[in-house]
Amino acid sequence: MKRSLFVLSRQFLLVVFLLSCFGKTSGQNFTIQQTLSDGAQRNTIAFDGLAFLTGNFCACSFIPPGKVADFFGFQYLRDNDLTHIGHNTDFNTVIANNLLYVLTETQKDELIAMARQQVPLINEYAVDRFPLIDAFIRLRDHNLPAGRTQLDSSAIKAYSASLYKLDGRISLQRARLYSGIITSLDASARHYLDSVAVLGMGNMPVLPDQIDKTGLNNSEFVAVMSYAGDIFSWYVGNVESDVYFCPERQGDYFGGFYIKDAPAMGNPGYSIDTSLTQNGGLHFLDILNPTQAAKVTGLVNIQKDALYSLVNRREDISTLLRGYLNNSPVDTNLILSLSETYGRLDGIISYHYASSFAEVNSTLSAEQKVELDSLRNLDDFPCNGAYLYSDPIGMPNLENTDFLFLDGIGISDQIMQGELNVQVFPNPARDYSLICFTLPQAGSVMIRIIDVSGTVAIEIPRMEYPSGRNSIEWFNSGTSENRLKPGIYVCKLITSEQVVCKPVIIIN
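Residue numbers (the numbering used here): 2 to 509.
Structural data, given as structure tokens:
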């Protein structure tokens, strides 16, 4: 291994010297500042609008595997590839195999073991996106719960917080493994990777697969290759590259990735048009009338505070994760808390997108709809069922998503009548529920989850709440001893004057 690394590294250094002489590698400069720019955000939001108003659940469910636990700089590496082909479908394969080339069999086995452990979590993240997509499409199509006219921003944020907490768990597991591999690289391995890093994908060796796929299913193999790409980008990068994301990364429930990636799937060597988002967004706005277009472009300012706060949380998380690389103490609870905050911010951004897109959809003329379908131009790539990342699956059985809509009329009536009301969403619940309640007047509230024997299983301490609608997030998480077992429970809400109960079902 060391001999072959040394020989290849000499070849690389010669290539690097020749390229530097003849100017064959000129880096791009995509930064987080460019991602946050009004122009990039306007075009991306408009492109999302085009995708959402012309797409379906299947297209909205599609998301590249690299968009989960993405705190390791791979998107920066892709967007700033020295040879300008970072969006070629072979990019990750080439990067990953060059990283795997320097690893020992023991290190490769560690990646495989992690893949087998994480694939259920990775898939859980993808499936848990589906209720948000369903709610957004229901709003667009005016398929609303009785008496409700809009999404519940609090429920959207709370649900998204739970989703991103899972992302945080996946990220922590990866960071521990990645750091162990990186810190154990010997001098010859580091020399090889340093040599490769300055070439760009177009000049790197195209190596055969460096792991034995025997016994791995496709999801596990994809995970291993994603890990390898992450390790490479984390090794050559820094906090700045870790924080970076492309404009499409946030609010990714609207089908934009499908429009971009559908022609590339199963097409080795295909390069995705990097101007597609900009051009598609501009053409979309041209088809809209001024009032409709303003609904879309106005989102740039509406989301700005949340977007900038989100970037700050990404920087916090990225900085903490890099503590593993220098053997610093890492506050895992803080990372999970920051991940939840990150999720709430992405949730409110997505809420605003869905609400504005739905308003535009309700005012489209028949002629505009025809023009938009023509602009989408994916007749050769029909989408049916759903996607688990980039793998097609049948249409899943979705939980009832009524809990993501605001019962504005009902709540007002209950408050006017002086009634205490409590609801639990989703119900049945697994790892997370949002306990929503309305108070006719401000006061203290205690919540207890009680099992069928009458034993208090969970108690949420008494706190003061204002009159009107309130909500509490409840996570059925932790060690197996602390988690509620599947069964029927009662959610008991206690104020100084009243008690109200609601059945809750916990499932596996």
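From the three backbone atoms N, C-alpha and C, an ideal C-beta is built for every residue, glycine too.
From this set, Ala114, Ser445, Asp452, Leu145, which residue's C-alpha is nearest alanine 359's C-alpha?
Of Ala114, Ser445, Asp452, Leu145, the residue nearest in Cα terms is Leu145.
Mark glutamine 118 as exposed unless 16 or more other C-beta atoms lie within 10 angstroms of its C-beta, in which case mark it buried.
By the neighbour-count rule (16 or more Cβ atoms within 10 Å), glutamine 118 is not buried but exposed.
Can you name the start and end residues of the alpha helix (DSSP H) that glutamate 249 belongs to?
Premise fails: glutamate 249 is in no alpha helix (DSSP H) and is neither H nor E.
Could you tell me which uninterrupted alpha helix (DSSP H) segments, each at least 4 residues in length, are contained entirely in the segment 114 to 168, listed from first to last along the chain?
If we require 4 residues or more, the alpha helix (DSSP H) runs fully inside the segment 114 to 168 come out as 131 to 141.
Restricting to Cα atoms, I'd like to know which of Tyr466, Arg470, Trp475, Asn290 is closest to serine 434.
For the residues Tyr466, Arg470, Trp475, Asn290, the minimum Cα distance to serine 434 belongs to Trp475.
Please determine, among Ala97, Glu249, Arg431, Phe233, the residue with the shortest C-alpha to C-alpha distance to alanine 41.
Nearest C-alpha to alanine 41: Glu249.
Evaluate contact between the segment 92 to 101 and the segment 166 to 177, counting only Cβ atoms and requiring at least three cross-stretch pairs below 8 Å.
Touching, no, given that fewer than three Cβ pairs across the two stretches are closer than 8 Å.
Rounded to the nearest angstrom, what separates leucine 335 and leucine 346 at their Cα positions?
Leucine 335 and leucine 346: Cα-Cα distance of roughly 17 Å.
Round the Cβ separation of cysteine 61 and phenylalanine 48 to the nearest angstrom and send it over; I've been treating them as touching at under 8 Å.
Rounded, the Cβ-Cβ distance is 13 Å, inconsistent with contact.
Determine the direct distance from the alpha carbon of serine 340 to that of valine 237, and round the result to whole angstroms.
Using only the alpha carbons, I get a separation of about 24 Å.
With DSSP collapsed to three states, give me the class of lysine 493.
The answer is strand: DSSP assigns lysine 493 an E or B state.
Quick check on the DSSP output: the alpha helix (DSSP H) that includes tyrosine 449 runs from which residue to which?
First, the amino acid is wrong: residue 449 is arginine here, not tyrosine. No alpha helix (DSSP H) contains arginine 449, which is instead part of the beta strand (DSSP E) from 444 to 451.
With a Cβ-Cβ cutoff of 9 Å, do tyrosine 77 and tyrosine 245 count as a contact?
Their beta carbons are under 9 Å apart, which means tyrosine 77 touches tyrosine 245 by this criterion.
Helix, strand or coil: how does DSSP classify isoleucine 410 here?
In this prediction, isoleucine 410 has a pLDDT of 38, which is less than 50 and means its spatial position is unreliable; nothing more can be read from the coordinates.
Could you please give the first and the last residue of the uninterrupted beta strand (DSSP E) stretch that includes arginine 484?
Taken as a continuous stretch (DSSP letters only), arginine 484 belongs to no beta strand (DSSP E), as it is neither H nor E.
Restricting to Cα atoms, I'd like to know which of Val505, Asp187, Phe31, Leu337 is closest to threonine 105.
The candidate whose alpha carbon is nearest that of threonine 105 is Asp187.
Please report the distance separating the alpha-carbon of leucine 494 from that of aspartate 432.
Cα-Cα distance, rounded: 20 Å.
Identify the continuous alpha helix (DSSP H) that holds alanine 265 and give its terminal residues.
No alpha helix (DSSP H) holds alanine 265; DSSP gives it neither H nor E.
Considering only residues of the same chain and omitting the five flanking positions on each side of lysine 166, which have a CB-CB separation below 6 Å?
Cβ neighbours of lysine 166 beyond the five flanking positions: Leu337, Ser340, Glu341.
Would you list, in sequence order, the uninterrupted alpha helix (DSSP H) runs of no fewer than 4 residues that lie entirely inside the segment 270 to 349?
Within the segment 270 to 349, the complete alpha helix (DSSP H) runs of at least 4 residues are 277 to 288, 291 to 298, 300 to 303, 305 to 322.
Just to confirm the assignment: which complete alpha helix (DSSP H) runs, minimum length 4, are found wholly within the segment 183 to 210?
Within the segment 183 to 210, the complete alpha helix (DSSP H) runs of at least 4 residues are 188 to 198.
Output the distance between the C-alpha atoms of threonine 278 and histidine 88, rounded to the nearest integer angstrom.
Roughly 13 Å between the two C-alpha positions.
Would you be able to state if there are at least three C-beta pairs under 8 Å between the segment 253 to 266 and the segment 143 to 158?
Flag = no, the segment 143 to 158 and the segment 253 to 266 do not touch.
Within its chain, find whatever has a CB closer than 6 Å to the CB of glutamine 418; leave out the 5 residues flanking it on each side and keep chain order.
Note that glutamine 418 has pLDDT 39, beneath the 50 cutoff, so the model's placement of it is unreliable and no number is given.
Using a Cβ-Cβ cut-off of 6 Å (strictly less than) and excluding sequence neighbours within five positions of leucine 164, which residues of its own chain qualify?
Only Asp129, Gly344 meet the Cβ criterion.
Give a yes or no on whether the C-beta atoms belonging to isoleucine 212 and valine 225 are separated by under 9 Å.
Against a cut-off of 9 Å, the Cβ pair of valine 225 and isoleucine 212 comes out as a contact.
Under the assumption that serine 161 contacts glycine 348 (Cβ atoms under 8 Å), give the Cβ distance between them as a whole number of angstroms.
Sure, about 3 Å apart at Cβ, within 8 Å.
Rounded to the nearest angstrom, what separates leucine 257 and serine 366 at their Cα positions?
Correcting the residue type first, residue 257 is glycine in the shown sequence and not leucine. Approximately 22 Å, taken between the alpha carbons.
Can you check which of these residues, Phe72, Thr292, Asn81, is closest to serine 227 by C-alpha distance?
Of the listed residues, the one whose Cα sits closest to serine 227 is Phe72.
What is the C-beta distance between valine 361 and leucine 283, in whole angstroms, given that I count them as a contact (C-beta under 8 Å)?
That pair is no contact at about 16 Å.
Tell me which same chain residues have a C-beta within less than 8 Å of the C-beta of glutamate 316, skipping the five on either side of it?
The residues are Val240, Val244.
What is the rounded straight-line gap between the Cα of proline 132 and the Cα of aspartate 231?
Approximately 29 Å, taken between the alpha carbons.
Could you tell me how far apart the beta carbons of proline 441 and leucine 421 are, in whole angstroms, since I believe they sit closer than 8 Å?
Yes, proline 441 and leucine 421 are in contact; Cβ-Cβ is about 7 Å, under 8 Å.
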